[in-house]
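The structure under discussion appears below in the form of structure tokens.
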Amino acid sequence: MFAKIINIGQGHNIFSPDLQKTVFQSLIYPAQPYEYYTDYPPFVGIVFLPLLLLNFNYGYIFFTVFSLLFFFWSLLKFRQKFNGLAHGNIVVFCLGVFACLPTMYDILLGQINFLIVTSLSLFLIAVVFSKQVVYALTTLLIICKPHYYCLFYLLSLVKAKYKLFLASLLIILGLIFLSVWFCGTKATLNYPKILYDIHAKFQYQGIPIPVFTTHTKYIISLRCLFNVFFAKGIANLVSIVIYGLGIMSALAVFYQTKWKDSQNLNWSIASVVLIFLVTSPHCFAQDLIILALPAILTLKSLDLGKILKYDVSYKIWCLIFYFYPVWSWLNYLCIGGQYDYRQYVNLMVNLCLLAIALNKYWQTGFLPQASNN
Numbered sequence: 000m001f002a003k004i005i006n007i008g009q010g011h012n013i014f015s016p017d018l019q020k021t022v023f024q025s026l027i028y029p030a031q032p033y034e035y036y037t038d039y040p041p042f043v044g045i046v047f048l049p050l051l052l053l054n055f056n057y058g059y060i061f062f063t064v065f066s067l068l069f070f071f072w073s074l075l076k077f078r079q080k081f082n083g084l085a086h087g088n089i090v091v092f093c094l095g096v097f098a099c100l101p102t103m104y105d106i107l108l109g110q111i112n113f114l115i116v117t118s119l120s121l122f123l124i125a126v127v128f129s130k131q132v133v134y135a136l137t138t139l140l141i142i143c144k145p146h147y148y149c150l151f152y153l154l155s156l157v158k159a160k161y162k163l164f165l166a167s168l169l170i171i172l173g174l175i176f177l178s179v180w181f182c183g184t185k186a187t188l189n190y191p192k193i194l195y196d197i198h199a200k201f202q203y204q205g206i207p208i209p210v211f212t213t214h215t216k217y218i219i220s221l222r223c224l225f226n227v228f229f230a231k232g233i234a235n236l237v238s239i240v241i242y243g244l245g246i247m248s249a250l251a252v253f254y255q256t257k258w259k260d261s262q263n264l265n266w267s268i269a270s271v272v273l274i275f276l277v278t279s280p281h282c283f284a285q286d287l288i289i290l291a292l293p294a295i296l297t298l299k300s301l302d303l304g305k306i307l308k309y310d311v312s313y314k315i316w317c318l319i320f321y322f323y324p325v326w327s328w329l330n331y332l333c334i335g336g337q338y339d340y341r342q343y344v345n346l347m348v349n350l351c352l353l354a355i356a357l358n359k360y361w362q363t364g365f366l367p368q369a370s371n372n
């Protein structure tokens, strides 16, 4: 939709609810839109302009298949670089990831999370291991969801990957320049304010956007609790503050990492990912495919008999991921209805994982007699 809006020369009106609805209807005709409004950065339309070479149906198929193949290829590369899950278990692991509800959700909604997590895994490889600045190209996709990049982008500075940092910065500036060129300064430079109005006031230039009034109930980070205990304005402010603290905590964890200790390094990355999930002000069920990264980094085996012999905390960690494909569907199907507590259950699971990851990170890096499990 964004690509089409830019292609017809209406980039300066890219956030207009009426224009988005008209273009979206033209793309999917004769189907009728259920939800159509999109609040991605305007340069997303520039990144995905090539999709206009295909009609909507074939574009969707190509986009989905390519995203899945690229995603699972990156998991294999990620496992190899970080010396994660045993090679013999990788096929079963990938099948488990594919069977999870978040994966199905991403396919159903046409989300770009597969490409974003792929880019993020390649970016982390570049931050920790590679000297190739070409990995900065992953910025093109990660920045499509800025709340991902705020946290992970700064990790390159902690590891003193200044060339990677500067190359990524140049790509971001290039995207902003193209966005100004095709969409104008108002749609581009005012994007933070536009985003705030959409999510805090549920409007764009006075035009109501009712679809976003219900989105907050599906947030699965700490923000879902803030929305319960605080007024909307205060909850939004607290969420931003907590995310800022999350970024600083992630940088502190990464800074203290023992780079030559593979266990500590892997638990460090797992902790950083989970800090993001818990503190991010914008996180939904489809974003949970990012959990594939800490899982593939830290699981040693998918043999249930072996898992049951691990120490308590690591056993809980392994069992959560072992049953995640089944549990994710049960949580979705059974905890809904009039009282929808799915987001709270997801948050509790993520908090549990975060506590275990930080504990293992501490054990493998700072305790003299660290557990090997």
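Counting from 0, one number per residue, gives the positions in the sequence shown under numbering that gives the first Met the number 0.
Even for Gly, the Cβ is constructed at its ideal location relative to N, Cα and C.
- Here residue 228 is exposed, its C-beta having fewer than 16 other C-beta atoms within 10 Å.
- Annotation: the region 27–81 contains the following complete segments of the alpha helix (DSSP H) (minimum length 4 residues), in chain order: 43–46, 55–81.
- A residue is called buried when at least 16 other Cβ atoms come within 10 angstroms of its Cβ; residue 347 does not meet this threshold and is exposed.
- Residue 40 counts as buried, since at least 16 other C-beta atoms from the protein chains shown sit within 10 angstroms of its C-beta.
- The region 276–295 makes contact with the region 94–113, as at least three CB pairs between them are under 8 Å.
- Collapsing the DSSP output to three states places residue 360 in a helix.
- Two segments are said to touch when three or more pairs of C-beta atoms, one from each, lie closer than 8 Å; by this definition the region 175–184 does not touch the region 142–157.
- By the criterion of a C-beta distance shorter than 8 Å, residue 244 is surrounded in its chain by 278, once the five residues flanking it on both sides are discounted.
- Boundaries cannot be given for residue 88, as no alpha helix (DSSP H) includes it and DSSP labels it neither H nor E.
- Judged by DSSP in its simplified three-state form, residue 195 adopts helix.
- In terms of CA proximity to residue 94, 323 leads the group 118, 221, 235, 323.
- Residue ranges of uninterrupted alpha helix (DSSP H) with 4 or more members, entirely inside the region 241–285 and ordered along the chain, are 261–278.
- Residue 319 is not a Cβ neighbour of residue 83, given a cutoff of 8 Å.
- Between the region 212–227 and the region 258–272 there are fewer than three C-beta pairs closer than 8 Å, too few to call the two in contact.
- Here residue 146 has 279, 281 as same chain residues with Cβ atoms under 6 Å from its own Cβ, once five neighbours each way along the sequence are excluded.
- Put simply, the region 249–260 does not touch the region 184–204. Fewer than three CB pairs are less than 8 Å apart.
- Under DSSP, residue 203 takes part in a beta bridge, and its partners are 206.
- Cα atoms of residue 241 and residue 28: separation of roughly 42 Å, rounded to the nearest angstrom.
- Close CB contacts of residue 120 within its chain, under the 8 Å cut and outside five residues either way in sequence, are with 73, 74, 76, 77, 292 (chain order).
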